[in-house]
Amino acid sequence: MHVVIEPSPTISGLRLVDADETGQAAGEVDVSWDEAPTVLAQRDQEGVRWVFGHTAELYPQLVERGVRLSRSHDLALCRTILRRSTTVPSGEVFPETGDEWDAAWEAARGDDGLTGFAELTGGSERPDAVAELQRQLAAVAASTRPARLRSLLAAESCGALIAVEIRYDGLPWRRNVHERLLTEALGPRPVFGGRPAVLERLADSIRTELDAPGLNPDSHADLLRALRSAGITVESTSKWELQRHEHPVIEPLLRYKSLSRLMTANGWAWLDEWVHDDRFRPEYIVAGVVTGRWATDGGGALQLPAQIRPAVVADEGWTFVIADAAQLEPRIVAAMAGDTAMAAAGYGTDLYQGLVDAGTVDTRQHAKIAMLGALYGATTGESARLMPRLMRAYPRATGLVEAAARAGERGEQVTTWLGRSSPEPSEGWRAVTRAGAQVTATPADERAARRAARDWGRFTRNFVAQGTAAEWALCWMAELRHRLRPLGSGEQHPHLVYFLHDELVIHTPEQSASLVAEAVRDAAAAAGRGLFGDFPIDFPLDVAIECCYADA
DNA sequence: TAATCTGGCCAC
DNA sequence: AAACGTGGCCAGATTA
């Protein structure tokens with residue numbers, strides 16, 4: 000049973016519309032905000048699937064009232080998948096151009112955020128969610144892979160619930176630890192802005208060593224000029240290039256860069272804006288990346304540098320279970336391709352070491368470089384040199400990503416295991432590749448066409464691996480959420496606080512930590528079975544129980 | 001002056 | 001050692 004959940008047009012509260020398996024409406028009821036927690040909890044127990052127009056519109060208000068829902072269907076996220084999926088017959092289900100739903104979601108993504116959605120969809124003008132659900136269920140039924148697609152839509156929608164819950168709960172973040180760290184590295188916080196003492200001293204050393212009194216080290220152009228007049232021949236001011244030169248300015252300059260980054264990206268201003276009551280609450284954007292990975296808006300939550308991770312400390316009496324999937328993308332590709340040899344090389348062990356033990360390459364580092372080269376489409380350097388060995392030893396796994404690259408070069412879409420497809424290349428791309436194929440094409444046209452084709456091929460090559468890995472991670476997280484429920488409720492229950500592509504952090508009372516660790520492993524195994532059935536692939540995790548994220 | 005672009009660095 | 005995928009974010013430079 001589906002239950003559409005939307006703002007009531009008549010009372011201050013919610014309207015719940017029952018819909019059967021095909022999406023036919025079967026009665027509706029309005030509930031006030033006060034009644035909502037009880038009514039929703041009861042219906043949730045019955046096993047209904049809640050249908051949101053856009054989970055982030057209403058679910059935060061429910062979570063604030065203590066509601067946690069088990070299963071959902073997010074119409075916005077699911078439409079995006081269904082409309083593009085090559086497993087759904089094209090053009091039959093959704094209009095090619097935007098309808099009222101697209102307009103509403105477009106507004107929700109605008110500056111006003113969810114207010115925009117609420118306004119556009121409030122009252123009588125709200126688009127018909129039941130009709131949209133019917134369209135989507137019909138699209139799934141028409142798919143060449145309905146079961147996989149259903150898994151994907153369920154996992155994606157569950158991700159939307161989790162994104163709201165993680166933001167509500169927040170990542171434990173000790174302001175005092177972070178401040179101590181900043182002061183030790185940079186000196187006291189400047190009262191009127193400007194550079195802290197340590198940065199100012201380093202800037203002075205840089206000016207002295209380069210004999211450039213007025214130099215602003217934050218200006219790439221000025222810095223490059225000054226470096227060159229000092230006889231340091233560099234093409235850019237980047238770290239890796241500077242490191243290769245011997246000069247007294249290099250050491251203070253590299254330190255300046257590192258500390259300046261700390262200051263601007265995660266300094267006092269960041270703390271003031273993003274950490275309140277010792278919690279970091281970024282906004283997660285489910286499927287914010289074309290491949291299905293999550294993105295975030297503000298706070299840089301997907302790039303928390305190792306430098307500041309010591310500030311992530313569990314509450315008193317609590318600890319973290321920190322789990323990340325080992326060599327996830329290679330395992331995903333091995334399973335997708337049915338490559339039993341590669342799967343066996345990684346079974347129960349480090350996959351890269353497995354490639355060494357199998358005699359494919361000589362060191363773990365080489366295995367990693369070769370594998371990443373295959374996944375990213377390396378064409379030069381060590382990575383490209385090592386790839387042929389991999390292709391000889393594992394023709395099925397490497398063949399899968401090669402085929403995805405060729406398809407992209409031809410301008411075709413590629414599709415993940417569960418059915419998320421890559422976007423079509425732009426008209427501009429088609430024009431460039433067409434121009435290169437004309438008999439009148441100049442050598443420059445041909446070069447541009449080849450380049451565009453290969454660029455897009457690298458994108459589609461990576462899309463199948465990264466996208467399917469993202470699906471596995473969503474399933475992992477959904478399975479885990481399910482398993483955490485029985486471990487406690489109310490204030491004392493273990494809960495997810497961070498998700499980063501192939502890594503999860505759970506904040507848990509200390510006494511539950513080992514149960515949580517077990518649940519995380521079970522969830523990974525369940526996710527693997529859910530995607531690949533009996534195929535002998537495993538998804539080992541590195542699991543740490545630490546009260547500080549930096550210690551994992 | 002505000003919007004947009006660029007280079008650089010962080011994460012996976 | 002640095003060219004090979006997905007992103008976010010900042011300061012400075014450039015453009016409208």
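Numbering that gives the first Met the number 0 puts the last residue of the first sequence at 551; the count rises by one with no breaks. Glycine residues also receive a C-beta, built at the ideal position from the N, C-alpha and C atoms.
Applying the criterion that 16 or more other CB atoms from any shown protein chain within 10 Å of the CB defines a buried residue, is residue i buried or exposed?
i: valine 190; result: exposed
i: serine 421; result: buried
i: histidine 72; result: buried
i: isoleucine 165; result: buried
i: aspartate 338; result: buried
i: glycine 97; result: exposed
i: histidine 275; result: exposed
i: alanine 443; result: exposed
i: glutamate 485; result: A small fix is needed here, since residue 485 is proline in this sequence, not glutamate. Result: exposed.
i: glutamine 135; result: buried
i: serine 511; result: buried
i: serine 513; result: exposed
i: tryptophan 100; result: buried
Nearest-angstrom Cα distance between residue i and residue j?
i: arginine 200; j: proline 187; result: 13 Å
i: alanine 146; j: alanine 333; result: 21 Å
i: isoleucine 321; j: threonine 507; result: 11 Å
i: tryptophan 475; j: alanine 524; result: 8 Å
i: asparagine 215; j: aspartate 271; result: 26 Å
i: threonine 467; j: tyrosine 375; result: 15 Å
i: serine 150; j: arginine 254; result: 48 Å
i: glutamate 470; j: histidine 246; result: 48 Å
i: glutamate 490; j: glutamate 315; result: 13 Å
i: glycine 298; j: glutamine 44; result: 36 Å
i: glycine 553; j: valine 129; result: Outside the shown range of the chain, which is 0 to 551, sits residue 553, and nothing can be said about it.
i: aspartate 111; j: leucine 261; result: At aspartate 111, the pLDDT of 49 sits below 50, so the modelled position is not reliable and the matter cannot be decided from this model.
i: valine 197; j: arginine 179; result: 14 Å
i: arginine 224; j: glycine 192; result: 27 Å
i: arginine 278; j: arginine 174; result: 9 Å
i: serine 7; j: arginine 429; result: 47 Å
i: serine 228; j: lysine 256; result: 20 Å
i: phenylalanine 498; j: leucine 68; result: 19 Å
i: valine 519; j: leucine 479; result: 6 Å
i: glycine 46; j: glycine 26; result: 17 Å
i: alanine 141; j: alanine 220; result: 57 Å
i: arginine 446; j: threonine 432; result: 10 Å
Helix, strand or coil for residue i, going by three-state DSSP, please let me know.
i: alanine 24; result: strand
i: aspartate 271; result: helix
i: glutamate 199; result: helix
i: valine 129; result: helix
i: glycine 122; result: Residue confidence for glycine 122 is low, a pLDDT of 45 falling below 50, so the modelled location carries little weight; the figure read from the coordinates is stated next. The answer is helix: DSSP assigns glycine 122 an H, G or I state.
i: tryptophan 172; result: coil
i: arginine 405; result: helix
i: phenylalanine 531; result: helix
i: arginine 14; result: strand
i: tyrosine 375; result: helix
i: valine 62; result: helix
i: glutamate 5; result: strand
i: valine 139; result: helix
i: tyrosine 393; result: coil
i: proline 508; result: strand
Residues in the same chain with beta-carbon distance under 8 Å from residue i, minus the five sequence neighbours each way, listed in chain order, please.
i: alanine 383; result: Gly372 and Ala377
Less than 6 Å between C-beta atoms, sequence neighbours within five positions excluded: which residues of the same chain meet that for residue i?
i: arginine 48; result: His1, Arg70 and His72
i: glycine 158; result: Val285 and Leu473
i: alanine 543; result: Ile321 and Ala551
i: glycine 410; result: Pro424
i: isoleucine 80; result: Arg419
i: alanine 396; result: Val332, Ala333, Ala336, Asp338 and Met341
i: leucine 39; result: Val66
Among the options, which has the Cα closest to the Cα of residue i?
i: threonine 86; options: Ala137, Gln60, Val176 and Gly287; result: Ala137
i: serine 218; options: Ala229, Ile231 and Ser235; result: Ser235
i: cysteine 546; options: Glu401, Ala336, Trp317 and Leu15; result: Trp317
i: valine 400; options: Phe458, Gln491 and Glu426; result: Phe458
i: threonine 143; options: Tyr393, Trp416 and Glu27; result: Trp416
i: alanine 549; options: Pro309, Gly12 and Gln302; result: Pro309
i: alanine 184; options: Ala162, Gly298, Gln306 and Val28; result: Gln306
i: tryptophan 293; options: Gly46, Ser89, Ser156 and Arg482; result: Ser156
i: alanine 35; options: Gly26, Ala24, Arg64 and His365; result: Arg64
i: isoleucine 161; options: Glu502, His494 and Leu514; result: His494
i: alanine 24; options: Leu327, Ala55 and Leu132; result: Leu132
i: proline 88; options: Leu61, Leu57, Val139 and Val62; result: Val139
Cutting at 7 Å between CB atoms, please list the residues of its own chain near residue i, excluding the five before and the five after it.
i: alanine 75; result: Gly52, His53 and Trp104
i: alanine 404; result: Gly376, Gly456, Arg457, Thr459 and Arg460
i: threonine 232; result: none
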